[in-house]
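Notes follow once the structure below has been shown.
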Ligand code: FAD
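In my numbering, the protein residues as written are 1124 to 1537.
Here it is in structure tokens:
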């Protein structure tokens, strides 16, 4: 069997893999990405957070992404009936980017992959990992192309950025169930000919509609005039709808006043897709000769659009630590990777929990929201979940419940 040698093998050419590969390549190490699919390929995860702009910039991707003319995103709007909580990233507590993009991921991910290739990284498409053997920290990975040809790749380190493929967690039994209740989603892209264009700036933010206590809808407009729309929630909600996926989604849309008229009869660009039970975790995030990044680590929930940002955060951290390892320097994976990632993931975990148990609904839709708190929450929604100056980061596990109680008492008294 043909065999080749690299310093780092990256599995997967999504945001986690391309960011990691760019940073390792910049340091002069030989890095190769193997990607199972042909690009462009569909993947969900279209609303980015301002925090990820720092990673795009550091990886040298920013200009290439800017050139695509994606829809700029300046905030996040939450709607429940007639109530609206509108967060604008320019009005946030932490220092950082005030905007980001809403992107069809097929185009966005191809832009990153083409850019990393332009920087000198080899990206092999339609090449899937079928086996990995570790010898200490060195490894030999078997890959197979679309024609069934196999070869082996020797590497000093592996960055697993295989997303939902979860190559190393599956191969080495590292998958761990998520603590969240199982949830389901049904979504498509819709020709949004009735998109409001007025001063409400509907297009330049994500809208999350709280449809029922445990069911919500994302509305993510793209610059192409197409909008991504998806229902997310407990699986039993979906059981009440029958027919084809398109019939089901159309019937669901008709039940929500905020979107019913806008999307009634509009063209769906593909048969609605379902994903179920997507929340997943891993028993360990690194090991001898490898690190898990992006969705190969842990995925919580789409409500706060944190997935692609965590993918880039972990790709950046993991890539930099891999460089340290290759240079023979001591790496504290536990402190510099696991603790760092878990700080961010756990902050969002508290917010996701608070969204589904109603705590955040009480805060977001309070009659008189406290503007300082709103700015602090806005920073979390922008992905700045490492700023310990922000009480909503530092005390994320308790502060939401406490604040919801204060809001409740205020509203009872007022
Ligand atoms: P991916 O982008 O999935 O890339 C992994 C790549 O690895 C793929 O291209 C795959 O082909 C390749 N691969 C897999 N197996 C192999 C193999 N054996 N060999 C070689 N290559 C392989 N995130 C957001 O930021 N914003 C959102 O609005 C958002 N909405 C979401 C909505 C839903 C319903 C869900 C389920 C998720 C959402 N996410 C969102 C999360 C987002 O989809 C992911 O977090 C993000 O795509 C992870 O990026 P990644 O680089 O880890 O993996």
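The beta carbon of each residue, even a glycine, is placed where N, CA and C say it ideally should be.
CB residue 1286 to CB residue 1491, shorter than 8 angstroms?
Between residue 1286 and residue 1491, the C-beta gap is not smaller than 8 angstroms, which leaves the two residues out of contact.
How would you write the range of the alpha helix (DSSP H) that residue 1533 sits in, first residue to last?
First-last of the alpha helix (DSSP H) with residue 1533: 1519 to 1536.
Take residue 1172 and list the residues in its own chain whose beta-carbon comes closer than 7 angstroms to its own, dropping the five residues that flank it on each side.
Residues of the same chain with a CB within less than 7 angstroms of the CB of residue 1172, apart from the 5 flanking positions on each side, are 1223, 1428, 1429, 1432, 1505, 1506 in chain order.
Please check the pair residue 1339 and residue 1276, which I expect to be a contact at CB under 8 angstroms, by giving their CB distance rounded to whole angstroms.
At roughly 42 angstroms, the Cβ-Cβ gap does not stay under 8 angstroms, so residue 1339 and residue 1276 are not in contact.
Which runs of the beta strand (DSSP E) at least 3 residues long sit entirely within the segment 1323 to 1388? Give them in chain order.
Runs of the beta strand (DSSP E) inside the segment 1323 to 1388: 1328 to 1335, 1338 to 1344, 1349 to 1356.
What are the boundary residues of the alpha helix (DSSP H) that includes residue 1478?
Note, residue 1478: alpha helix (DSSP H), 1463 to 1479.
How many angstroms separate the CA atom of residue 1126 from the CA atom of residue 1274?
So the alpha carbons of these two residues sit roughly 6 angstroms apart.
Where residue 1283 falls, given that 16 or more other Cβ within 10 Å makes a residue buried:
Result: buried.
Quick one: residues in its chain with C-beta nearer than 8 angstroms to the C-beta of residue 1249, no 5 flanking neighbours on either side, listed in chain order?
Once the five neighbours on either side are set aside, the close Cβ partners of residue 1249 are 1158, 1159, 1160, 1161, 1268, 1269.
Unbroken alpha helix (DSSP H) run spanning residue 1494, endpoints
It spans 1494 to 1504 - the alpha helix (DSSP H) in which residue 1494 sits, taken as one unbroken run.
Between the alpha carbons of residue 1309 and residue 1234, how many angstroms are there, rounded?
If you draw a straight line from the Cα of residue 1309 to the Cα of residue 1234, it is about 26 angstroms long.
N-terminal and C-terminal residue of the alpha helix (DSSP H) that residue 1167 is part of:
No alpha helix (DSSP H) holds residue 1167; DSSP gives it neither H nor E.
Just mark residue 1147 as buried or exposed, buried being the case when its beta carbon has 16 or more other beta carbons within 10 Å.
Looking at its Cβ environment, which holds 16 or more other Cβ atoms inside 10 Å, residue 1147 is buried.
Would residue 1293 be called buried (16 or more neighbouring beta carbons within 10 Å of its own) or exposed?
So residue 1293 ends up on the exposed side.
For residue 1293, name the three-state secondary structure that DSSP assigns.
Note: residue 1293 maps to helix in three-state DSSP.
What is the DSSP secondary structure of residue 1224, reduced to helix, strand or coil?
Residue 1224 falls in the strand class under three-state DSSP.
Which stretch, first to last residue, makes up the alpha helix (DSSP H) that contains residue 1138?
Start and end: 1138 to 1149.
Straight-line gap, residue 1368 to residue 1459 (C-alpha atoms, nearest Å)
Those two C-alpha atoms are separated by around 44 angstroms.
Throw me the rounded Cβ distance for the residue 1349 and residue 1376 pair, which I believe falls under 8 angstroms.
Rounded, the Cβ-Cβ distance is 15 angstroms, inconsistent with contact.
Classification of residue 1384 by the beta-carbon crowding that lies within 10 angstroms, buried from 16 upward
Counting the other CB atoms within 10 Å of its CB gives residue 1384 a total below 16, which places it among the exposed residues.
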